[in-house]
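In the working numbering, the protein residues as written are 830 to 922. Remarks on the structure that follows.
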């Protein structure tokens, strides 16, 4: 219930081991055109102290995945997640 009221949570990105903030409706309800983005949710998560977000300038330079640039302020900032992100995108690119 808490997650539903908040509207976002931490999810693993496409089985990669990399954790990010996602809108709950985007994860469970499909992709639609909403006024609130994952980036908005991540900013709110950081503002409220739910989690820290990795600044974009600290992400790997090339984070292309299936034709989309995933270099965005949505990734959870923990040492383990930073390592998972570096490892995954090094292998991906």
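Backbone N, C-alpha and C define an ideal beta-carbon position, used for all residues, glycine too.
Query: If you drop the 5 nearest sequence neighbours on each side, which residues of the same chain put their C-beta closer than 8 Å to that of residue 915?; Result: 889
Query: Mind reading off the beta-carbon distance from residue 851 to residue 840? Whole number of angstroms is fine, and I expect it under 8 Å.; Result: 5 Å
Query: For residue 905, which of 832, 843, 847 has the nearest alpha-carbon?; Result: 847
Query: Can you give me the start and stop residues for the beta strand (DSSP E) that residue 852 sits inside?; Result: 848 to 852
Query: Rank 894, 898, 887 by C-alpha distance to the C-alpha of residue 910 and give the top, closest one.; Result: 887
Query: For residue 876 and residue 882, what's the separation of their Cα atoms in angstroms?; Result: 10 Å
Query: List the whole-angstrom C-beta distance separating residue 894 from residue 921, where the pair is believed to meet the contact cut-off of C-beta under 8 Å.; Result: 6 Å
Query: Can you tell me the Cα-Cα spacing of residue 885 and residue 849, whole angstroms?; Result: 13 Å
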